[in-house]
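The block underneath contains the structure these notes are about, expressed in structure tokens.
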Amino acid sequence: MARAMFEYTKTVLQKVSFDTTLFCKEVQKALERLLPYEVEELKVYIESLVQQNPKLDQCLIYLNT
25 MARAMFEYTK TVLQKVSFDT TLFCKEVQKA LERLLPYEVE ELKVYIESLV QQNPKLDQCL
85 IYLNT
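Residue numbers for the sequence shown follow my numbering, so the first one is 25 and each next one is one higher.
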């Protein structure tokens, strides 16, 4: 089930990537509910989204905590 949550999180982040505020809120929620190794995978995924949409880079501060 944990893997399903990770995939769901990726889907949600992709869908809200048009809005920086929503994206940051979803990143914060994901960091609370995912397992530590999934958070590491999520960081890689978010960095790829930021490359496609540079305005999302302000949400990277949540990944450095």
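Backbone N, C-alpha and C define an ideal beta-carbon position, used for all residues, glycine too.
Excluding five sequence positions before and after Q52, the CB atoms of its chain that fall closer than 8 Å to its own CB belong to Y86, given in chain order. A direct Cα-Cα distance of roughly 10 Å separates Y32 from A54. Non-local beta-carbon contacts of K67 in its own chain, meaning distances under 8 Å to residues more than five positions away in sequence, involve L87 in chain order. Linking R57 to Y69 through their CA atoms gives a straight-line distance of about 16 Å.
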